[in-house]
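Notes follow once the structure below has been shown.
Written out as structure tokens, the structure is:
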């Protein structure tokens with residue numbers, strides 16, 4: 001599905017130049033809760049990667065991204081070498097995205113767009129927390145500014161991609177990314193990459 | 001603070017037999033938002049590890065746990081060797097905890113105990129999701145049952161510890177862990193370890 005989590009993986013697959021097929025799951029039909037998919041991922045959430053070349057089945061986007069760079073990014077173009085200080089910083093930011101930005105921005109979307117009743121407390125709580133978290137992203141970029149316009153070190157890595165796909169949905173919630181100047185500039189840099197643009201078109205909504 | 005996230009790290013430090021000092025932060029006084037702490041962790045959340053022996057400062061509990069086992073668990077007593085299939089399964093479950101169990105059980109706690117107004121929709125939403133997530137934990141245990149009473153492979157690992165500390169708070173929300181028989185048994189096994197019991201006593205509330 002064309003969600004921030006689906007796009008993290010498609011963008012990385014495009015950047016790595018890997019061949020892949022994606023299978024669209026229709027959430028309206030709860031296809032992600034069908035037995036064949038739960039067999040692959042007991043949590044019933046997307047995406048799940050099946051890599052036939054290594055006989056690997058893996059869920060949770062950041063785990064998938066880590067697996068892909070460990071396996072197919074031996075030159076560390078989009079990652080940092082396992083065990084180095086920059087690797088642990090990348091890991092910190094990945095967990096920050098997975099435990100903070102994703103769940104909180106996700107709950108904001110729920111209360112703003114999907115909840116069957118309007119609950120101002122829920123909308124305000126998660127909008128405030130989402131904004132606070134992007135101010136933390138701004139601070140990460142500020143602290144790393146002398147190395148480059150990235151969250152970690154001197155090049156794009158999976159931690160940038162993980163937050164980028166969530167940042168790409170801010171406008172839908174009418175949150176102005178320009179509230180955070182470094183985030184806005186970082187976003188434009190990443191959005192300008194052809195592989196990123198291609199990754200954002202697949203998965204797309206089924207017609 | 002004696003929270004599930006604080007305890008993940010103290011339990012692992014006890015299991016690894018490492019010497020450490022912990023500094024209590026008073027949330028009532030928002031000490032986790034004071035400049036000296038934000039310098040260590042821009043997100044202003046606990047815990048943060050400072051390892052003077054490697055000059056490492058790191059936040060996000062699962063990143064801290066991964067760092068600790070990479071650095072101090074060379075025999076993989078509480079982890080699986082980086083790059084192996086069991087390592088990626090451990091990583092999947094860690095992210096499942098960090099992106100699912102933690103945030104959702106945390107939101108349940110907020111709406112049940114801390115929100116200034118009673119919002120039935122919020123209570124129900126996060127209680128249902130928390131229960132669903134523990135049914136996924138049950139399924140992980142079921143799928144790994146032939147290897148042992150662990151989430152991954154044939155011994156305790158950081159993924160077990162990460163979920164254990166959250167499971168230890170279920171009773172406070174009046175959720176009966178016995179709803180999931182394998183989870184209940186797995187929980188008792190881990191809770192019986194002396195190092196785990198010691199880890200749960202520090203950090204403790206300051207007196």
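Protein chains in written order, with the UniProt record's numbering: chain A, 1 to 207; chain B, 1 to 207.
Heads up, the beta-carbon is just placed ideally off N, CA and C, and yes, glycines get one too.
This structure is a prediction, so every number in the text was calculated from the model and none was measured.
Same chain only: Cβ atoms within 6 Å of residue i, ignoring 5 sequence neighbours per side
i	result
residue 58 of chain B	49, 64 and 67
residue 180 of chain A	134 and 138
residue 60 of chain A	none
residue 20 of chain B	13
residue 193 of chain B	none
residue 90 of chain A	80, 152, 157 and 159
Contacts of residue i in chain A (Cβ-Cβ under 8 Å)
i	result
residue 56 of chain B	85 and 88
Per-residue contacts from residue i into chain A (C-beta, under 9 Å)
i	result
residue 91 of chain B	58, 60, 62, 63, 66 and 67
residue 119 of chain B	119, 121 and 122
residue 31 of chain B	Neighbours of residue 31 of chain B on chain A: none; closest Cβ ~17 Å, over 9 Å.
residue 266 of chain B	Absent from the model: residue 266 of chain B. The displayed extent of chain B is 1 to 207, so no value can be given.
Own chain residues within Cβ distance below 7 Å of residue i, not counting five before or after
i	result
residue 86 of chain A	80, 152 and 153
residue 33 of chain A	44
residue 17 of chain A	none
residue 119 of chain A	111
residue 196 of chain B	11 and 190
residue 93 of chain A	140, 151, 152 and 159
residue 36 of chain A	none
residue 69 of chain A	78, 79 and 158
Extent of the continuous alpha helix (DSSP H) to which residue i belongs
i	result
residue 96 of chain B	85-96
residue 106 of chain A	102-109
residue 187 of chain A	181-191
residue 195 of chain A	194-199
Contact set between residue i and chain B, taken where Cβ atoms lie within less than 7 Å
i	result
residue 99 of chain A	60, 98, 99, 102 and 103
residue 80 of chain A	Result: empty, since nearest Cβ-Cβ is about 13 Å, beyond 7 Å.
residue 70 of chain A	83
residue 95 of chain A	60, 62, 63 and 98
Residue i: contacting residues in chain B (beta-carbon distance under 9 Å)
i	result
residue 183 of chain A	Those within 9 Å of residue 183 of chain A in chain B number zero; the least Cβ separation is about 13 Å.
Close-in-space but distant-in-sequence residues of the same chain around residue i (CB under 8 Å, 5 per side omitted)
i	result
residue 168 of chain B	4, 7, 187, 191 and 200
residue 207 of chain A	Confidence is the limiting factor: at residue 207 of chain A the pLDDT is only 42, short of 50, which leaves the residue's position unreliable and the question unanswerable from this model.
residue 46 of chain B	1, 3, 5, 6, 25 and 32
residue 40 of chain B	48, 50, 57 and 59
residue 148 of chain A	154 and 155
residue 115 of chain B	122
residue 73 of chain A	16 and 79
residue 145 of chain B	182
residue 178 of chain A	184
residue 166 of chain A	4, 97, 101, 102 and 105
Neighbour list for residue i in chain B, Cβ cutoff strictly below 8 Å
i	result
residue 42 of chain A	136, 139, 140 and 143
residue 197 of chain A	Those do not exist, as residue 197 of chain A stays about 26 Å from chain B at its closest Cβ, beyond 8 Å.
Per-residue contacts from residue i into chain C (C-beta, under 8 Å)
i	result
residue 23 of chain A	In the displayed structure, chain C is absent; the protein chains listed are A and B.
Cβ pair count under 8 Å reaching 3, the stretch 170-188 of chain B against the stretch 175-188 of chain A: no
Within the UniProt domain "GST N-terminal" (1-76) of chain A, ranges of the beta strand (DSSP E) (whole runs, at least 3 residues): 48-51 and 56-59
Those runs of the alpha helix (DSSP H) which lie wholly inside the stretch 136-179 of chain B and span at least 4 residues: 158-167
Contact the stretch 154-162 of chain B vs the stretch 5-24 of chain B: 3+ CB pairs below 8 Å: Contact annotation: the stretch 154-162 of chain B touches the stretch 5-24 of chain B, with at least three C-beta pairs closer than 8 Å.
Stretch pair the stretch 86-103 of chain B + the stretch 130-138 of chain B: three plus CB contacts closer than 8 Å: yes
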